[in-house]
Structures are given as C-alpha cells and as structure tokens.
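**Student:** What follows is a structure written as structure tokens; I'll ask about it next.
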Amino acid sequence: MDLIDFSAIATEHATRLKAIDPLLPPPGELPDDQGVLTAEASGSAALGVLSCEKTPADAPGAQWRALVEHRLDLRLAGPDPGTALGLLLEKWQERLAESGTERGDWETAAVVIRPSRDSTGSGELLRHGFAPVRVVAVRPAERHGRGPRRTPGVAVRTATRKDVGNVVELLLELQHYDAQFGVATVRESTERALTAEVEEVLAKDEPLLWIAEVYGKALGVARVQLPPASDWSKIYVDQSGRPKLGYLTSLNVAEQARGTGVGTALAEHAHQVFDTEGVDLALLHHALANPRSTPFWYAQGYRPLWTYWYRRPAVR
695 MDLIDFSAIA
705 TEHATRLKAI
715 DPLLPPPGEL
725 PDDQGVLTAE
735 ASGSAALGVL
745 SCEKTPADAP
755 GAQWRALVEH
765 RLDLRLAGPD
775 PGTALGLLLE
785 KWQERLAESG
795 TERGDWETAA
805 VVIRPSRDST
815 GSGELLRHGF
825 APVRVVAVRP
835 AERHGRGPRR
845 TPGVAVRTAT
855 RKDVGNVVEL
865 LLELQHYDAQ
875 FGVATVREST
885 ERALTAEVEE
895 VLAKDEPLLW
905 IAEVYGKALG
915 VARVQLPPAS
925 DWSKIYVDQS
935 GRPKLGYLTS
945 LNVAEQARGT
955 GVGTALAEHA
965 HQVFDTEGVD
975 LALLHHALAN
985 PRSTPFWYAQ
995 GYRPLWTYWY
1005 RRPAVR
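Under the working numbering, the residues of the sequence shown are numbered 695 to 1010, in order.
This is the structure we're talking about:
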C-alpha cells in the first residue's frame, strides 16, 4: 500500500471500523491536502483532517465546551498505526503552537473524537497529554437496563412555565458538578443561557421536559429531543438502515436525592417516550469521569459509541 495514498488509508480505516462497531457511520469525505496532516512509521500511516470550531461565550450550548476547539479527525492504516499516530500528534502540536494559539488558555482545547471500541493509539494520546473526557453513548430500543429502585412517592410530570426556576437550578447544579471533569465550563453567561433555553422549551404546547417530584418537591429534571429536532445526531450513527434517533439532552437529580431511584424514574419515562415514538436508537453525551453518570447510564442499557479525547488547554 502506498502510504501517501489518501484513498487507500481511508478505505482500510473504514473497513476496520465497520468490523469493530456496526453502528458507526462511514468516515466523511477527505478534503484537499491543505486541511490534512499525515505521518508514516513502521509501514503504517496516520492521516488527520484538521478543523477548528469557535463558539461565542453566550451561544446556546457554549457551557458544554471550550470556546475554541481544534479538532483532528483520524484515519489510521497499517500494522502499527499507533506509532504513526504518535508522530502525527507531534506534528499537530507544532502546528497549533505556530498558529498563534495562546499557551495555557483554558478556553482552548485540542480534541480527537474516536470510536469508543477502537483502542488503537490510546497510549499515544495519553503520552501527548490527552485524556478520554466525554462520551456519546447509544441505547438500541431492544436493550433494557435496570437501576436503583424508585423512591416511594416519586411522580414524573410534564414541566410548565412555572417550573423555570426549579429546572434552571437543577441544570446549574449539573453544570457545576460536570465542570470538575474537564469539558463543562460555568461562565458568567451560563445561568442566562440556561434560563433562555428553558423558557424557549417550556413555551411549546407539549414540551419534552419533565420534572420528578418526591411528595411534591421537585428533585429531578429530564429533557429529550425527537425528530426532526434530534436529526443533528445522525452524524454519529450509520444511516443505511435509516434509524429513527432520539436524543436525551439532559437528566439531573438533586444531590440529596441521588441514588434513590429518582433518576431511574426519569430515564424510564424518557425511554417510554422514545418507544412510543418508534425511536430505534437513543443517544446522549456524558462526562466519562463522572462517577455517577457513567455507571448510571450503562445500567440503563447504554454503551459507549464515541469517545472525545481532550487536551485542555490546547497548547501547554
């Protein structure tokens, strides 16, 4: 194989990933070589497509990311692609340093999104300062989970406009908790952005947002997206079978009620909604290092599909 042959590298990479996880979509088309880095070693090759996403601090969803994310979309081929990846990461580090990215700027991140079942090159990512921080998890409709038993007195109801304060408080608590794990960032604009988002959702006739109450006290919140609002998540899965996707946007339980089954009640309700709407695959993001969400979601029938490897700041 000609290691400079982009097409051959991409084809081998796509074939390997389809064997690892049939839910993965085929890799995207490669741009011209101006947006690509390559490295060769030990008869193997690593190819990375470069991109940069910039997000205003007050934009919807900005609280879940660094404001400047430099991304590397990988294609790996050959018998020892990990070694080639190590060289590619060194080239990328040099490129970032030369690009004017400020050293130590916490609002910058270098991001490599890998299929979770593809462990190739994980050691090289760790050696270059990356950590697996965030996961896209998937739950096929036929998979069922189990979690803590429900607390007696738990009731799940649709949120109303009167619940804006409770919902924002619960979501802010989630933000502060997840900020410990490297992706979420609580900024001065966070509460305003969350409030505007919640008000927009609750202005709808049938908002897909629910409150869990225990004897009348709001202790949990969950929100989902259904098609067409969830269609953006099609990028994560193979579309050959035209699956219908649902996205679980958020779920949080007040600290004093965690581990009591309130979260299980909310998750069961969300999954019932997905089943009623004929959703084939449910998707969500969660912080991998979160000692509560990771075991909870996998007990609910989810499994990792994509893993976001972060180095933050992008240049140290």
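Don't be surprised by glycine CBs; every beta carbon is placed ideally from N, CA and C.
Quick check on the DSSP output: the alpha helix (DSSP H) that includes D932 runs from which residue to which?
**Tutor:** Careful: D932 lies outside any alpha helix (DSSP H) and carries neither H nor E.
**Student:** Check this for me: beta carbons of V806 and L864, under 8 angstroms apart or not?
**Tutor:** Cβ atoms of V806 and L864: not closer than 8 angstroms.
**Student:** Measuring alpha carbon to alpha carbon, tell me which residue in G935, T749, L731, E891 is nearest V787.
**Tutor:** One point to set straight first is that residue 787 is Gln, not Val, in the sequence displayed. The option with the nearest alpha carbon to Q787 is L731.
**Student:** With a 10 Å radius around its C-beta and 16 neighbouring C-beta atoms as the bar for buried, classify G729 as buried or exposed.
**Tutor:** G729 comes out exposed.
**Student:** Buried or exposed for V1046, going by 16 or more other Cβ atoms inside 10 Å?
**Tutor:** This structure gives no information on residue 1046, because the portion of the chain shown stretches from 695 to 1010.
**Student:** Assuming A739 and A771 are in contact, meaning their beta carbons sit under 8 angstroms apart, how far apart are those beta carbons, in whole angstroms?
**Tutor:** Confirmed, about 5 angstroms.
**Student:** Across the stretch 734-753 and the stretch 776-786, are there enough close Cβ pairs to call them in contact, namely three or more that are closer than 8 angstroms?
**Tutor:** Touching, yes.
**Student:** So is H838 buried or exposed if we call it buried at 16+ other beta carbons inside 10 Å?
**Tutor:** It counts as exposed.
**Student:** Check whether the stretch 949-968 touches the stretch 914-933, counting contact only when three or more Cβ pairs, one atom from each stretch, lie closer than 8 angstroms.
**Tutor:** Yes, the stretch 949-968 touches the stretch 914-933.
**Student:** Could you work out which residue in P834, S944, T852 is closest to P998 when comparing CA atoms only?
**Tutor:** Checked all of P834, S944, T852; the closest Cα to P998 is P834.
**Student:** Going by beta carbon distance, what residues of the same chain come within less than 6 angstroms of L819, once the five residues before and after it are set aside?
**Tutor:** Excluding sequence neighbours, L819 sits near W1003.
**Student:** Taking the beta carbon of R797 as the centre, do at least 16 other beta carbons fall within 10 Å, making it buried, or is it exposed?
**Tutor:** When all chains shown are included, R797 counts as exposed.
**Student:** Alpha carbons only, please: which of I714, Y909, D767, A733 is nearest the one belonging to D699?
**Tutor:** Among I714, Y909, D767, A733, the Cα nearest to that of D699 is on A733.
**Student:** Tell me S701's beta-bridge partners as DSSP assigns them.
**Tutor:** S701 pairs with nothing; no bridge assigned.
**Student:** Would you identify the three-state DSSP class for D696, choosing helix, strand or coil?
**Tutor:** Any reading at D696 needs caution, since the residue's pLDDT is 44, under 50, leaving its predicted position unreliable; the model's value is listed next. Note: D696 maps to coil in three-state DSSP.
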